[in-house]
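Input: a single structure, listed below in structure tokens.
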Amino acid sequence: MRGRDWLWAAGLAVLAAFIWLRDRSWIASPPEVLPILAALPLFAWLAAPWRWAAAPTRLTPDLFLPAAILFAAGVAANLTFLLALAWTSALWAGLRLRLPPADHGRVRRLLALPVMAFPWVTLDASALGWWFRLSGAWVAEQLFSGIGFQVAREGTHLCVQGLTVTVDASCSGLQTLQAMLIAGTAAAHLLLGRTRSYWWSLPCLLVMAWLANTLRVAVLSATALSFGPEFAAGWFHAWGGWLVLVLMFGLCWGLFAWWQRLTDLRSPTRL
Numbered sequence: 044m045r046g047r048d049w050l051w052a053a054g055l056a057v058l059a060a061f062i063w064l065r066d067r068s069w070i071a072s073p074p075e076v077l078p079i080l081a082a083l084p085l086f087a088w089l090a091a092p093w094r095w096a097a098a099p100t101r102l103t104p105d106l107f108l109p110a111a112i113l114f115a116a117g118v119a120a121n122l123t124f125l126l127a128l129a130w131t132s133a134l135w136a137g138l139r140l141r142l143p144p145a146d147h148g149r150v151r152r153l154l155a156l157p158v159m160a161f162p163w164v165t166l167d168a169s170a171l172g173w174w175f176r177l178s179g180a181w182v183a184e185q186l187f188s189g190i191g192f193q194v195a196r197e198g199t200h201l202c203v204q205g206l207t208v209t210v211d212a213s214c215s216g217l218q219t220l221q222a223m224l225i226a227g228t229a230a231a232h233l234l235l236g237r238t239r240s241y242w243w244s245l246p247c248l249l250v251m252a253w254l255a256n257t258l259r260v261a262v263l264s265a266t267a268l269s270f271g272p273e274f275a276a277g278w279f280h281a282w283g284g285w286l287v288l289v290l291m292f293g294l295c296w297g298l299f300a301w302w303q304r305l306t307d308l309r310s311p312t313r314l
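One gets the numbering used here by counting positions in the sequence shown from 1 and adding 43 to each.
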């Protein structure tokens with residue numbers, strides 16, 4: 044590595060530390076947040092093999108201008124998501140200088156993973172968590188009503204057969220949402236990464252995450268009815284987040300495998 048490469052790497056490390064430490068409210072739930080750090084090793088693994096150009100592209104300030112603009116906007120708006128975009132933009136600016144042009148497309152397809160390596164869902168998306176909870180409660184209401192139970196709902200509070208079930212903040216899915224998106228992106232890349240369908244699969248990940256979390260709410264509610272609220276709120280609830288992550292990966296893998304088979308019936312369009 045040349046001197047400017049070390050400077051770029053050091054700058055990325057300092058910027059990453061700043062993004063993670065500027066708002067440390069995520070420390071309240073480190074077991075749920077810290078797994079998203081796996082996004083960067085996963086990015087390095089899926090983007091391999093790494094080959095460096097013999098003659099790197101000349102460095103010009105405009106390469107890092109988007110990162111600077113996004114960083115300033117993120118600080119001004121206090122949005123970790125914009126700061127994550129700034130960090131990823133700076134990462135890509137440096138990689139473009141060092142990678143041969145033939146590898147640009149393969150690496151660029153995986154830049155969603157570095158964006159998800161920062162806790163912006165936990166810090167920025169509380170409103171999204173509310174809608175996940177509210178929609179999960181609504182689906183549970185429709186499900187139990189459909190099988191003949193007496194159900195009353197007020198917001199995220201359900202009363203099923205006289206038993207009160209509350210879809211609280213721990214059921215929002217925010218703690219595992221980014222981990223679910225990371226797992227889904229990996230599945231999409233492994234199955235569809237060399238076709239145009241890959242880009243269409245990425246917006247599906249949020250829908251799949253919502254579906255997995257909504258199913259978790261329904262299962263926890265049914266568990267509370269069957270075995271009592273104490274059991275549902277105990278170890279079963281604690282392991283529910285990881286169950287959703289496994290379910291999300293399974294749903295994505297099944298969908299993308301089916302999508303891949305459909306694509307293979309035609310001549311795949313290479314990127």
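Glycine included, each C-beta is placed from N, C-alpha and C at the ideal position.
Quick caveat, the model's predicted, so the values are computed rather than measured.
- Between the C-alpha atoms of Arg65 and Phe175 there is a straight-line separation of about 27 Å.
- Using a C-beta cut-off of 8 Å, the region 217–234 makes no contact with the region 182–196, since fewer than three inter-stretch Cβ pairs fall below that distance.
- The beta carbons of Leu106 and Gly117 sit about 19 Å from each other, so the pair does not count as a contact at 8 Å.
- For Ala195, the pairing in a beta bridge is given by DSSP as Cys202.
- CA-CA distance, Val150 to Val182, rounds to 39 Å.
- Val208 is positioned such that its CB atom lies no closer than 8 Å to that of Ser269.
- Where Ser240 is concerned, the enclosing alpha helix (DSSP H) starts and stops at 240–270.
- One Cα belongs to Leu113, the other to Leu154, and the distance between them is close to 16 Å.
- The closest CA to that of Ala160, considering only Glu184, Leu248, Arg141, Phe86, is found on Phe86.
- Linking Leu286 to Ala96 through their CA atoms gives a straight-line distance of about 43 Å.
- Spanning the alpha carbons of Ile70 and Thr306 requires a straight line of approximately 43 Å.
- Straight-line measurement puts the Cα of Leu249 at about 20 Å from the Cα of Asp211.
- Taking C-alpha positions only, Ala120 is separated from Gln204 by approximately 46 Å.
- Distances from the alpha-carbon of Thr219 to those of Pro162, Ala90, Ala170 put Pro162 closest.
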